[in-house]
Amino acid sequence: MKQSYLDYAMSVIVGRALPDVRDGLKPVHRRILYSMYQLGLYP
């Protein structure tokens, strides 16, 4: 159980919490910017 939790926690940290090295954005920020682009809202 403990190892399963650690595996899950690490996948969440790597997948969601750390910025991508290509553009420095977290996945949530990339989704927000893409949604704004689709709506025609440009920063």
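Heads up, the sequence shown stops at 612 in our numbering, and the numbers go up one at a time, no gaps.
Idealized CB from N, CA, C, for every residue including glycine.
Fair warning: this is a prediction, and the values are worked out from it, not measured in the lab.
Residue i versus the options, residue with shortest Cα-Cα distance
i          : options                   : result
valine 597 : Gly584, Met570 and Arg591 : Gly584
N- and C-terminal bounds of the alpha helix (DSSP H) containing residue i
i          : result
valine 581 : 571–581
Which of helix, strand or coil DSSP assigns to residue i
i            : result
tyrosine 611 : coil
glycine 593  : coil
leucine 587  : coil
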